[in-house]
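In terms of our numbering, the sequence shown has 121 at position 66, counting the first letter as 1, and numbering is strictly consecutive. In this text, a Cβ means the ideal position worked out from N, Cα and C, and glycines have one as well.
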Amino acid sequence: MKIKILTRFLFIIFIFFLISSFSLFGSFQEGYELYKQGKYYDAEMVLLREKEISPNNVDIYAVLGWCYLNTGDYSKAIEISEDGLKLNSRDTRLLTTIGRSYMEMKRYPDALSYLQKSVSYNPNYAYSYYYIGRIYQSQGKLILAETALSAGIMLKKDNYLFYKYRAQVYEEMMNYKMAEEDYKRALTLKPNDPALKEALIKVISKQTELESTYQ
């Protein structure tokens, strides 16, 4: 009899924890879905509540960091990512979020420090190279910018922003032919972007003008 009662008790505890784990997972998924829908403040509320329940889930810190990035609260993005790094010091999402936050704050040495650390831990994370390229572009270090953006594109070929910014770098280098190719690639990924269309027209015009000077 005692064995049956104990077995039943353990079974109830097992079911309770199973339901709880599904509930927690669902809460994180709810926050993540809200983030993907661009509902950053709603996502923040859900994820902060989830963090209180499940403080060791690094994914929560990563998505919260992205929410703060998208709302322009770079100090909070850094703070929550630093908290996440206490759980996993090699998480490239967190390192890249901090790097990007410092980039937006124009604290380029700090940004590069975190982004280069991210690359050293995970050389296959495309966004680290992308933001490194953006920083070098801002500093006028065009060859380094082109190298970093090209590395990012090798890893991720489906993001129009990678091609857009490399096109800008080529344009600054007066390599209008390569810039034209990249603007066209960006437009295949985002065909209705008026800014990209305008940039393509301008760079074709510059290429035509350059060719005419050598005729």
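A direct Cα-to-Cα measurement between Leu-197 and Arg-221 gives close to 10 angstroms.
By the criterion of a C-beta distance shorter than 7 angstroms, Ser-136 is surrounded in its chain by Tyr-116, Gly-120, Leu-149, Thr-152, Ile-153, once the five residues flanking it on both sides are discounted. Inter-residue distance for Ala-234 and Asn-214 is about 16 angstroms (C-alpha atoms, whole angstroms). In this chain, the alpha helix (DSSP H) harbouring Ser-205 covers 197 to 210. In this structure Ala-200 is buried. Its beta-carbon is surrounded by 16 or more other beta-carbon atoms within 10 angstroms. Judged by beta-carbon spacing, Leu-170 lies within the 9 angstroms limit of Ile-187, meaning their Cβ atoms are closer than that value.
For Ser-175, the enclosing alpha helix (DSSP H) covers residues 163 to 176. Judged by DSSP secondary structure, Pro-249 falls within the alpha helix (DSSP H) whose first and last residues are 249 to 268.
Proximity to Thr-202 across Lys-106, Asn-143, Tyr-184 peaks at Tyr-184, based on C-alpha coordinates. Between Tyr-95 and Asn-125, the C-beta spacing is below 9 angstroms.
A direct Cα-Cα distance of roughly 19 angstroms separates Ile-256 from Thr-268. Ranked by Cα distance from Gly-207, the first of Ser-175, Lys-131, Ala-181 is Ala-181. Boundaries of the alpha helix (DSSP H) around Thr-147: 147 to 159. Rounded to the nearest angstrom, the gap between the Cα atoms of Ala-98 and Asp-128 is 14 angstroms. Distance from Glu-227 to Val-258 at the Cβ level is roughly 11 angstroms; contact not present, criterion being Cβ atoms closer than 8 angstroms.
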